[in-house]
Each structure stands twice: as C-alpha cells, then as structure tokens.
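Asks:
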Amino acid sequence: MEREVLVTGVGGQGIQLLAKTLALAATREGRYAMLAADYGGEMRGGPSKAGVVIGDAPLMALPILPSAWSAIFAHHRHSEGVEGRLRTGALVLANTPLVDPGAFRADLRVFAVDAMARAKGAEAPNASGFVLLGAYNALTGLVRAGSLVSAMEELLPPYRRQHAAANARALEAGAQALEGVAA
C-alpha cells in the first residue's frame, strides 16, 4: 500500500503542521513516510502546500507528486494545479465554505467539512487544520487517531504546547464530522 496526499491552503492555516503530523504518525506506527513542503515567504496568507507519501514498504513515489490518491483543500487560494494532479477516483476533502465542494471534477470522491465551525465548536478556534486532518484520517484510516495526537504533541514547539489539548479536540471534532461516512 502506498498512498499520496496533497495538502493546499494559505499560510496560517496549519498546512505544514498538518502534513508533518500525518507523516510522523505513520512513521511512529512503523510505516514509511516522506514529506515535501512548499510555502511562500509570507507568515500568513501566502501559498502553503505539502505532499505526503505513506507506505507499508520502502516508497517508490517521491513526495513531489505528479499525481496523487487524495488531497485536502483548506483554501481555494493557491490551489491551482492540484485538482489536475488527482487520479480518477481520488478522495478530496474540501474545507467549506472556503472551498466549493461542487466545483471539483465529477470523477473525484469529494467530502466537505466546515473546519472553522468545527474548530470553534471544539473550543479550538485556531486549529481548523487539525479538524481537516482528523476528518481526512477518519475517511482514509491511514493511521490510528491516537498516533495523530502523539505526533502533534511531539511536533509542537515549547511556546505552543499550551495548545495541545485544543488541537487534540480539533482532531476528534474532525473525525466526528465524517463519522460513519464511507469513503
């Protein structure tokens, strides 16, 4: 099994931390993972993209992905070209209302989550990226939910550790958003 995910959004949405968390969770579970980050120089609002490849054996795909099995669209800005890299039947997670789930090709499996509303509901208003990651993982089952929480906690720098509990709630809120939905 080898799965690729493209993540796209804007700086400040947690795109890079989301991707690193997924990759670290997979490696902590004994699988192989590669990550490629691509982001603009701006702190907030600039382009932010990442590619993660996870597999059960040494990886064949590079994290610079010409095609992918899935994608997370956190924002419509700076997402050009990502949809065109998705293979037929690819899974797409769209962050509504920032991304219109109806605007994607008909051959994609599109799921929608209002990550900002879910994050606020979980009393984690700055953790919409983790809501998306929780929802994505609920759809794909790539890693155990507890592995995401552990990886997130490990990756948080000391000056952000106070957000760990809120981030964990956001991961759970994302998973609950698509609970029972068949991918």
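Numbers in our numbering are just positions in the sequence shown, counted from 1, shifted up by 902.
Glycine included, each C-beta is placed from N, C-alpha and C at the ideal position.
(1) Taking the straight line between their C-alpha atoms, what separation do you get for Leu-924 and Pro-1003?
(2) Using alpha carbons as the reference points, say which of Ala-1037, Leu-1080 and Ala-1029 lies closest to Leu-1058.
(3) Using DSSP with H/G/I as helix, E/B as strand and the rest coil, what is Gly-953?
(4) So does the stretch 1065 to 1083 actually touch the stretch 925 to 945, counting three or more Cβ pairs closer than 8 Å?
(5) Let me know if Pro-968 comes out buried or exposed under the rule of 16 or more other beta-carbons within 10 Å of its beta-carbon.
(6) Identify whether Met-903 lies in helix, strand or coil by the three-state DSSP scheme.
(7) Is the beta carbon of Ala-1037 sitting closer than 7 Å to the one on Ala-1079?
(8) Use the C-beta contact count for Ile-966: other C-beta atoms within 10 angstroms, 16 or more gives buried, fewer gives exposed.
(9) From what residue to what residue does the alpha helix (DSSP H) around Ala-863 run?
Replies: Reading from the atomic positions:
(1) Going by the C-alpha atoms only, they are around 23 Å apart.
(2) By alpha-carbon distance to Leu-1058, the top candidate from Ala-1037, Leu-1080 and Ala-1029 is Ala-1029.
(3) Secondary structure at Gly-953: strand, using DSSP grouped into helix, strand and coil.
(4) With the cut-off at 8 Å, the stretch 1065 to 1083 and the stretch 925 to 945 do not touch.
(5) So Pro-968 ends up on the exposed side.
(6) Residue state, collapsed to three classes: coil.
(7) By the CB criterion at 7 Å, Ala-1037 and Ala-1079 fall inside the cutoff.
(8) Flag for Ile-966 reads exposed.
(9) There is simply no residue 863 to check, as the chain begins at 903 and stops at 1085 in what is shown.
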